[in-house]
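With positions in the sequence shown counted from 1, the corresponding number in the working numbering is that position plus 5. Each residue gets a CB set at the ideal place from its N, CA and C atoms; glycine is no exception.
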Amino acid sequence: MQQEVKAYLLDIEGTVCPISFVHKQLFPYFSSRLGHVIATHFGTGDEIDAVLQQFPAVESATVLQDYIADLVARDVKDATLKSLQGIVWAEGYSSGEIESPVYSDAIRLIKETRVPVYIYSSGSVAAQKQMFGHVKEAGDLCPQLRGYFDIPSAGPKMEASSYKKIVAELGVEAKSVLFLSDNPRELHAARAAGLATGLALRPGNGPVSAADQAEFTGYTDFSELK
């Protein structure tokens with residue numbers, strides 16, 4: 006008998022929205038605004054400068070900008086970078102320059118399921134809320150989401166301990182939490198923590214090995230989930 010799902014834990018890019026949204030819209034928007042943000046806030050002592058000062062390379066504005074640009078180019082999952090990106094993207098969402106292209110089947114799942122839905126991303130919780138608060142086809146989905154997890158609150162997504170921490174916070178059995186992601190390495194970590202897992206198979210996602218396709222149940226959309 007299949008275990009009853011008591012919570013959905015959803016990855017974001019490649020799972021509920023196209024990977025291209027992050028790499029072709031969010032990252033370029035951040036990069037285009039980075040110089041202005043540093044020039045405006047570096048050394049001022051304001052809230053954004055407090056984030057900037059958490060980076061190790063703060064000898065000068067130029068050194069800092071080059072350091073951050075390198076992190077972005079290498080897609081480093083750095084918690085401070087994610088915090089800064091969330092701040093910058095919030096401006097884009099507020100101005101209407103950015104809207105999130107969440108898949109329609111993911112929108113339906115979030116809106117219609119009676120099972121609590123949580124988000125787990127390397128992006129900051131603030132950035133997650135901005136994204137789900139400005140969905141192109143649905144407006145604000147935040148009221149339908151039960152909670153959010155990121156690197157500071159849960160830990161890295163490829164470590165089993167992160168999923169154990171999330172399950173402990175949810176207060177349910179690990180096997181009753183279904184984690185959906187396009188990344189097999191994340192799924193292996195979640196499975197090691199006892200979670201149920203599903204592989205998101207979306208257009209534009211990276212290749213998945215035959216072994217991983219055989220090991221994880223694949224979902225081209227979430228219509229079959231309730």
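Return helix, strand or coil for residue i, following the three-state DSSP convention.
i, result
"Ala62", "coil"
"Tyr34", "helix"
"Gly227", "Going by the sequence as given, residue 227 is Phe instead of Gly. In this structure, Phe227 counts as coil in the three-state DSSP scheme."
"Thr105", "The sequence given here has Ser at residue 105, not Thr. Strand at Ser105."
"Glu18", "strand"
"Ser186", "strand"
"Val120", "coil"
"Leu39", "helix"
"Val213", "coil"
"Ala143", "coil"
"Gln218", "helix"
"Thr202", "strand"
"Phe47", "coil"
"Gly138", "helix"
"Gly176", "coil"
"Leu69", "helix"
Can you say whether residue i is buried or exposed, counting buried as having 16 or more other CB atoms within 10 angstroms of its CB?
i, result
"Ala111", "buried"
"Pro148", "exposed"
"Asp187", "buried"
"Ser166", "exposed"
"Ala173", "exposed"
"Ala219", "exposed"
"Lys169", "buried"
"Pro23", "buried"
"Ala215", "exposed"
"Ala55", "exposed"
Just confirm the distance between the C-beta atoms of residue i and residue j, as a whole number of angstroms; I'd bet it's less than 8 Å.
i, j, result
"Ser105", "Asp16", "With a Cβ gap of about 14 Å, Ser105 and Asp16 do not count as contacting."
"Ile73", "Leu39", "6 Å"
"Leu69", "Phe47", "7 Å"
"Leu200", "Val177", "Not really, about 10 Å apart at Cβ, beyond 8 Å."
"Tyr224", "Ala205", "6 Å"
"Pro189", "Phe221", "7 Å"
"Val21", "Val107", "5 Å"
"Ile103", "His139", "7 Å"
"Ala84", "Ile156", "5 Å"
"Asn210", "Gly19", "5 Å"
Going by C-alpha distance, which of the options is nearest residue i?
i, options, result
"Ser228", "Ile103, Glu117, Gly209, Ser181", "Glu117"
"Ala62", "Glu52, Ile43, Asp80, Asp51", "Ile43"
"Ser109", "Glu220, Gly203, Arg207, Ala216", "Arg207"
"Val130", "Arg119, Gly152, Glu191", "Gly152"
"Ile115", "Leu89, Tyr98, Trp94, Glu142", "Glu142"
"Tyr98", "Ser214, Gly144, Glu18", "Gly144"
"Gln90", "Pro33, Leu146, Thr45, Arg113", "Pro33"
"Pro161", "Gly50, Lys82, Tyr123", "Lys82"
"His41", "His28, Phe26, Leu57, Gln30", "Leu57"
"Arg196", "Arg79, Asp226, Asp217", "Asp217"
"Arg79", "Ser37, Asp54, Gln59, His28", "His28"
For residue i, which residues of its own chain have a beta-carbon under 8 Å away from its beta-carbon, when the five flanking residues on both sides are left out?
i, result
"Glu164", "Ala194"
"Gln30", "Ile103"
Using a Cβ-Cβ cut-off of 6 Å (strictly less than) and excluding sequence neighbours within five positions of residue i, which residues of its own chain qualify?
i, result
"Gly128", "Lys87"
"Pro121", "Ala12, Arg151"
"Leu192", "Ser186, Thr202, Phe221"
"Leu14", "Tyr123, Tyr125, Val182, Phe184"
"Ser25", "Gly209"
Between which residues of its own chain and residue i is the CB-CB distance below 7 Å, once the five residues before and five after are set aside?
i, result
"Lys231", "Thr118"
"Gln3", "One cannot answer for residue 3 here, as it falls past the ends of the chain, which runs 6 to 231."
"Lys134", "Cys147, Tyr153"
"Lys159", "Per the sequence shown, the amino acid found at residue 159 is Ala instead of Lys. For Ala159, where only same-chain residues beyond five positions count, the Cβ hits under 7 Å are Tyr125, Ser167, Lys170, Ile171."
"Phe60", "Leu69, Tyr72, Ile73, Thr85"
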